[in-house]
Structures are given as structure tokens and as C-alpha cells.
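Numbering (my numbering), first residue to last: 149 to 487.
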């Protein structure tokens with residue numbers, strides 16, 4: 149016999165700047181594609197151009213999904229081989245292009261406008277000639293540049309110092325992926341939901357949650373604490389179970405000790421026995437998503453940092469549940485949030 153039950157509880161590699169030298173003399177094209185490159189913001193140097201749900205944005209990079217989305221091959225321009233196009237590394241049939249003055253990732257086609265919109269001129273950086281800026285190929289948009297604004301990517305004419313900084317990027321070594329652990333998968337799933345559902349505020353997108361080592365430690369210690377003390381998760385805090393530590397600590401106290409100010413916490417518990425398949429990251433997210441309080445935490449525009457901890461341990465299925473009293477393996481997923 150096999151059984152599984154889930155229970156909802158309350159709620160980078162260093163990059164080196166490069167000078168791209170594979171372009172031949174003006175008008176003769178690119179010698180060869182320049183593979184595995186990342187475009188680093190000049191004025192927010194810990195952020196990079198990436199695609200998310202095929203929309204261009206500027207973001208910090210912390211998970212394998214981030215790393216893959218922020219890596220491009222720089223190839224001969226689709227409309228003019230002496231210019232440049234950006235081919236997605238993880239969607240190699242798609243290219244970065246502008247459309248309605250926003251940057252997005254579109255499939256390659258024989259459409260003339262698509263090829264023009266996906267072709268750019270690589271120029272000395274508007275804010276620093278040691279970096280690069282990229283202007284549109286289209287004849288009526290030659291003085292429009294790729295720039296970031298409110299963490300989205302736009303094509304705009306540039307007229308002030310802020311615009312020049314926002315339109316300047318450093319071409320850096322691309323990222324390599326090394327297999328997302330389950331904790332990173334939780335963050336990727338939550339970020340997908342934030343990007344898809346969070347409404348814009350003042351024209352800006354909600355920030356993607358970035359893994360923070362301090363918060364990861366907080367989350368992992370709490371999950372392990374629950375695993376080490378079977379039945380601890382059944383204690384309630386403000387009506388929710390799973391938030392009290394074996395030392396009596398609360399989420400606010402644990403997060404404040406690490407970050408200097410409180411944050412929020414979601415906890416998920418599942419149990420199984422026999423040959424049942426253990427629940428994965430999606431199961432934790434689904435439980436949080438279907439609870440209004442937890443969903444509110446997941447989508448909170450004020451949070452920018454997160455940490456996830458996962459632990460397993462033995463336990464006994466509690467009274468009132470199917471198979472109560474049965475020994476089982478318990479899984480504890482803690483996600484904490486901070487501004």
C-alpha cells in the first residue's frame with residue numbers, strides 16, 4: 149500500500165567584461181557567432197538582460213532558469229550581416245527583437261519586419277565608450293536604443309544622462325547552468341507566478357525574487373528543525389501551523405535576526421508511506437497558491453529576496469487525518485521573504 153498526503157501551513161558566477169572582437173570591418177559582417185554572452189547593465193552592474201516568458205527585462209541572476217534566460221549568442225544581423233542579432237541560448241529558434249517599442253523574444257521567420265526588428269547596431273556605449281549600446285536597424289528608428297526602465301527593456305531615443313546610462317551595457321561571459329536543486333525550482337515557479345499575475349505598479353514590473361544566502365539559512369534551519377522534532381509542525385501561530393521553532397521562535401524573530409527587520413514565511417508539509425512518490429516543488433506552490441493569505445505573500449510587490457529550505461524526517465500522521473497513527477516520511481518546505 150502506498151499513500152501520500154500534503155498539508156498546507158501558514159503562510160552567480162563572476163562575469164568578466166569582454167570586448168567583442170569577432171566583427172569584421174564595417175560592411176563585411178561578423179566573422180562568426182560569438183557564443184554564450186550576457187549583457188550586463190552599466191549602471192546596475194548586478195543585473196543583466198534576460199527574457200522571461202518571452203518578454204525582455206533586467207534582473208539579477210540567481211537560479212539555473214535565470215542563467216539560461218540571460219545567455220545569448222551574438223550572431224550576424226538577420227536583416228544585415230554587418231549588424232548584430234541576439235539569439236537565445238535556451239530557445240535557439242528565437243531572437244531578441246523590439247515590437248511596439250518593447251523588447252521581446254520571437255521565433256525566427258522570413259518576415260522582413262521581424263528580421264529588421266531583431267537587428268541592432270553595436271555602438272560605443274553612450275555613457276562609457278568602453279562598454280556598448282545597441283541601436284535599432286529600422287531606417288526610421290536608427291537613433292532609438294535598447295534601454296532598461298523599471299526593469300523592463302524598451303527601445304527609445306536617448307536625450308539625458310539617465311537614458312545614456314540605462315542604454316549602456318557590458319558584454320560579458322555568458323552563464324553556465326549546473327542543474328537546479330529543488331530549492332531553486334521552488335523560486336523559479338514562484339517567480340513565474342509573480343511575473344504572470346502581479347499587476348504593474350507605476351509602470352514597473354514586480355521584482356523577481358532573488359535567493360539570499362542569509363534567508364536560505366533561515367529557511368533551511370527551520371525546515372530541519374521541524375524534521376528533527378516530529379509533531380512540532382502541529383503547533384499553531386495565529387491560527388497557522390508550522391511556524392513555531394523548537395526554541396519557541398517565530399518567523400519574524402528568525403528573519404529579523406538574520407536581516408535586521410522582519411519578513412514573511414510560508415510553510416508546506418507533506419507525508420507519504422509505502423511506494424508513494426514524494427511531492428515536488430509544484431505541490432508546495434499549488435498549496436500556497438490556493439490559499440489567499442499565502443498567495444498574497446507570494447505576489448507581494450515589496451519582497452525582493454527569498455530563501456527556501458527543504459528537509460525530510462520520520463513522523464506519525466496526526467489524528468483526524470486519513471491513516472492517523474501510521475508512521476510516515478514527512479517533508480517540510482519553508483520559503484521566507486524579505487524586502
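Don't be surprised by glycine CBs; every beta carbon is placed ideally from N, CA and C.
Which stretch, first to last residue, makes up the alpha helix (DSSP H) that contains residue i?
i	result
residue 338	330 to 345
residue 430	429 to 437
residue 444	440 to 447
residue 472	Looking at the DSSP string, residue 472 is not in any alpha helix (DSSP H), and its letter there is neither H nor E.
Exposed or buried, what is residue i when buried is set at 16 or more other beta-carbons lying within 10 Å of its beta-carbon?
i	result
residue 360	buried
residue 158	Residue placement at residue 158 cannot be trusted, given a pLDDT of 44 that sits under 50; what the coordinates show is reported in the next sentence. Classification of residue 158: buried, given that the 10 Å Cβ count is 16 or more.
residue 249	exposed
residue 233	buried
residue 401	exposed
residue 205	buried
residue 418	buried
residue 491	Because the chain spans 149 through 487 in this model, residue 491 falls outside it and cannot be assessed.
residue 425	exposed
residue 394	exposed
residue 455	buried
residue 207	buried
For the beta strand (DSSP E) that residue i lies in, which residues bound it at each end?
i	result
residue 265	Counting along the chain, residue 265 falls outside any beta strand (DSSP E), though it belongs to the alpha helix (DSSP H) covering 260 to 265.
residue 315	Run containing residue 315: none; DSSP gives neither H nor E here.
residue 364	Premise fails: residue 364 lies in the alpha helix (DSSP H), 361 to 376, not in any beta strand (DSSP E).
residue 185	182 to 189
Going by C-alpha to C-alpha distance, which of the options sits closest to residue i?
i	options	result
residue 316	409, 306 and 417	306
residue 436	484, 239 and 303	484
residue 416	279, 438 and 190	438
residue 340	196, 430, 458 and 474	430
residue 505	285, 479 and 363	Because residue 505 is not part of the residues shown, which for the chain are 149 to 487, the question remains open.
residue 222	244, 260 and 366	244
residue 291	455, 446 and 268	268
residue 362	227, 457 and 342	457
residue 184	242, 301 and 323	323
residue 225	260, 277 and 397	260
residue 332	368, 293 and 280	368
residue 263	278, 246 and 277	246
residue 378	461, 189 and 187	461
residue 279	186, 302 and 239	186
residue 403	424, 218, 413 and 426	413
residue 283	373, 343, 276 and 302	302
residue 193	314, 289 and 406	314
Just the C-alpha distance for residue i and residue j, rounded to the nearest angstrom, thanks.
i	j	result
residue 358	residue 211	8 Å
residue 254	residue 410	41 Å
residue 229	residue 216	25 Å
residue 329	residue 271	39 Å
residue 312	residue 274	5 Å
residue 473	residue 388	22 Å
residue 470	residue 356	38 Å
residue 320	residue 198	13 Å
residue 446	residue 209	19 Å
residue 266	residue 220	13 Å
residue 214	residue 338	13 Å
residue 451	residue 258	42 Å
residue 486	residue 227	45 Å
residue 490	residue 464	Because the chain in this structure spans residues 149 to 487, residue 490 falls outside the shown range and cannot be described.
residue 467	residue 335	32 Å
residue 453	residue 286	39 Å
residue 251	residue 386	45 Å
residue 196	residue 481	29 Å
residue 163	residue 364	Any reading at residue 163 is ruled out, since the residue's pLDDT is 29, under 50, leaving its predicted position unreliable.
Please decide whether residue i counts as near chain C, where near means a Cβ-Cβ distance under 8 Å.
i	result
residue 458	Going by chain labels, chain C is absent from the structure shown, which holds only one protein chain.
Legend entry - Runs of alpha helix (DSSP H) lying entirely within the stretch 207 to 295, each at least 4 residues, in chain order: 212 to 217 and 260 to 265
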